[in-house]
Amino acid sequence: MNSSFQIERFCHIRNHRISVNGEMLFETPETDFAAFIKASYKSLGLSYSKFFKMDNLSKLAFIAADILLKNETEKKIALVFSNRGSSLDTDRKHQESIENTADFYPSPAVFVYTLPNICLGEISIKHELHSENAFFIFDSFNPSELQAYCSSLLRTSNSEKVLCGWVDYDKGKYDAFLYVVAKNGIFAHTSEELTRLYQTI
Amino acid sequence: MMSNSYLSHNTIVSAYGFDSANAIHQISNEVSGLQLTEDPTILPQPFFSSRVSGEALEEKYDLLNPQERHTRLEKMLLVSLSKTISASNMELTDRVGLLISTTKGNIDVLEQKSPFPEERAYLSALGATIQRHFGFQNQAIVLSNACVSGVLAIAVAKRYISEGRFDHVFVVGGDLVTQFILSGFNAFQALSDTPCRPYCKTRSGINIGEVAASVLVTNDTSNLVAESVKVLGEASCNDANHISGPSRTGEGLFRSATNALHQAHLQADEIDYISAHGTATLFNDEMEAIAFNRAGLQETPLNSLKGYFGHTLGASGLLETIIGMHSLHQNTLFASKGFQELGVSRPLNIIERTTKKPIKTFLKTASGFGGCNTAAIFQKVGD
């Protein structure tokens, strides 16, 4: 089915850089994720103590979402995220804490992040979004399935917009590409265009 | 013209056996699948759980003529889905999708003792394995959205069909009882040391169980079964309140239920039965009571099936929807196992005894970590 929806704006976080619509927003020489994401948080002027309790995936998703949603007034924004590693980065931490009976220390604060959709909850809390959530796992960024799903949400649910994309954190590597789909925008909401935008920078 | 979606052929692999009929039969007799389990490799103390018999699973799995080595979860999913696909007699063309609902997938391969490589913990690897076994032309779509995954997967399948992406989607859901999961819920002090008692005054937490459930979601009314239902409406709403605690106002569940009713063009009093989430934790059940009262659903007969299976995580919403289909077909309201006396602050019409009653339409709900909630409404196709 041809899409009648468009992409309003998009954001990348990769290679210790943040960009919006392909334009550089922030860059730091820090290559380590923890240092990079903390520097990003500061440069965005955020003051949100919950951020420091989040796991790496949630921090990555939270920053990318915040950049795209900070001036957004529409609250009927569905969140449709995807990645490859699910919450495995935190899963490994929880597993490590239970592997040996002599050194058994499972923590609720870690365990709660062993689900990829927790980052959707974090974003919903910050932006007060009582909206549709879905977290998909694909081997790599899958624009065609995301495009079909977003179009369906905009056609049949009460969502006015969708914040959609890819947020992956695994073994120290990170990659975020989020975009806002709406009735009107700048870029075509097609699989081809999404592939092109994903690869920008 | 958007296609309608129907739920058709279905298979429940559970402690009760290897098809939906086994489970329905035992539930009709109010027999719980929960048993005291002693397995120190999972939890130091004994715990109540319902698990698929390993020996019987191997027998069923061997009949599938597998071409590679599979994990326990994969075996469960393959056995369930194989039966559903065969029953549907459907050719797996490019119009047929595969949707997998799971929270943790093959998480047990992270254990040092696992004979499988860590790569098998990736959910896309699980998806590819299932896809490859049956020869699906489309890449598997894996949905991992906490405890709403199973019912959300049905909503997702319906949306893909309405969008024209697929004509048919096989949805399969499953999660294992593992040390990973039990140690986590135990750290939250959420586990009950007795069979769980949803909505009951004496409830003391959840039991974790395991199943693999599968269903065909289709736009083709010529490939339906006696218990088929039409998907009338569905909605998901986040609480936007807390990542691990249910909302005190039931906000997300209330909104999900009312939005699903709106999409189904139904009023609250037109719902004959609610298959609720009912995990038997203090806060979850209380949250549901508040949400259902706000939505005007407090008089509708309601049960939680957790007293039969425990909480089966990413499969639960799918499993409980399938039971709901059979409940409508048999015009039977199944007792909410474990319930004795109402222990939430608002009225609810808990089904205390399994009763015959003409029922046509049901609401399935689920809520989970991350503040997610999903509601879906189904109506009987037969008659």
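If you read the sequences in order, they're chains A and B. What the first sequence shows, in the working numbering, is residues 816 to 1016, in sequence order. What the second sequence shows, in the working numbering, is residues 23 to 405, in sequence order. Backbone N, C-alpha and C fix where the C-beta goes; we use that ideal spot for every residue, glycine too. From a predicted model like this one, the values you see are computed outputs, not experimental measurements.
Residue state for R824/A is assigned as strand, using DSSP reduced to three classes. Approximately 11 Å separates the beta-carbon atoms of A179/B and V194/B; this is outside 8 Å, ruling out the contact. The continuous alpha helix (DSSP H) containing D881/A extends over residues 871-884. Under DSSP, E838/A shares a beta bridge with V835/A.
Three or more pairs of CB atoms, one per stretch, sit closer than 8 Å, so the region 886-897 of chain A contacts the region 930-949 of chain A. In the three-state DSSP reduction, L58/B falls in the strand class (E or B).
Secondary structure at G346/B: helix, using DSSP grouped into helix, strand and coil. Closest option to H942/A, judged by alpha-carbon separation, among A876/A, F820/A, M839/A: A876/A. As DSSP reads the structure, N371/B sits in a beta bridge with P323/B. For K857/A, the closest of K868/A, N871/A, I878/A by C-alpha to C-alpha distance is I878/A.
Two segments are said to touch when three or more pairs of C-beta atoms, one from each, lie closer than 8 Å; by this definition the region 95-102 of chain B touches the region 35-42 of chain B. Taken in chain order, the unbroken stretches of alpha helix (DSSP H) that lie wholly in the region 943-981 of chain A and span 4 residues or more are 958-971. The beta carbon of F391/B sits closer than 8 Å to those of A168, C169, I265, S266, all from its chain and outside the five residues before and after it, given in chain order. Put simply, the backbone Cα of S25/B is about 34 Å away from that of S50/B. Per the coordinates, the alpha-carbon of L340/B lies some 23 Å from the alpha-carbon of Q159/B. The alpha-carbon of A279/B is positioned some 21 Å away from that of S123/B.
Here the alpha carbons of A997/A and E77/B stand approximately 52 Å from one another. By the Cβ rule, the region 362-378 of chain B counts as touching the region 222-231 of chain B, because three or more pairs are nearer than 8 Å. For the C-beta of E60/B, not a single chain A residue is nearer than 7 Å; the gap to the nearest is close to 16 Å.
Judged by beta-carbon spacing, G346/B lies beyond the 8 Å limit of K402/B, meaning their Cβ atoms are not closer than that value. Going by DSSP, G274/B is part of the alpha helix (DSSP H) stretching over 273-286. Ranked by how close their Cα comes to the Cα of A109/B, the residues V199/B, N32/B, S166/B, A45/B have N32/B in first place. In this structure, the CA atom of L275/B is about 27 Å from the CA atom of Q962/A. Taken atom to atom, the span from the alpha-carbon of K868/A to that of S258/B is near 26 Å. Residue pairing from DSSP leaves H264/B without any beta-bridge partner. Going by beta carbons, V982/A and R824/A fall outside the 8 Å limit.
Around H1004/A, the same chain offers S818, F820, Q821, I822, Q962, C965, S966, V996 as residues with beta carbons nearer than 8 Å, after the five sequence neighbours per side are excluded.
Taking a Cβ-Cβ threshold of 8 Å, none of the residues of chain A is close to N128/B; the smallest such distance is about 11 Å. Identification of residues in the region 207-227 of chain B having a C-beta nearer than 7 Å to some C-beta of chain A yields A209, F210, given in sequence order. With respect to the 8 Å criterion, F953/A and F992/A are not classified as neighbours on the basis of their beta carbons. Out of K252/B, L198/B, L86/B, N371/B, the CA that lies nearest to the CA of S30/B is found in K252/B. Counting only the Cα atoms, A317/B lies some 10 Å from D291/B. Secondary structure remark: continuous beta strand (DSSP E) runs of at least 3 residues inside the region 138-217 of chain B, in chain order: 163-165, 190-196. In this structure, the alpha-carbon of E141/B lies about 12 Å from that of D130/B. Rounded to the nearest angstrom, the gap between the Cα atoms of L56/B and E310/B is 23 Å. When DSSP states are grouped into helix, strand and coil, K386/B belongs to the strand group.
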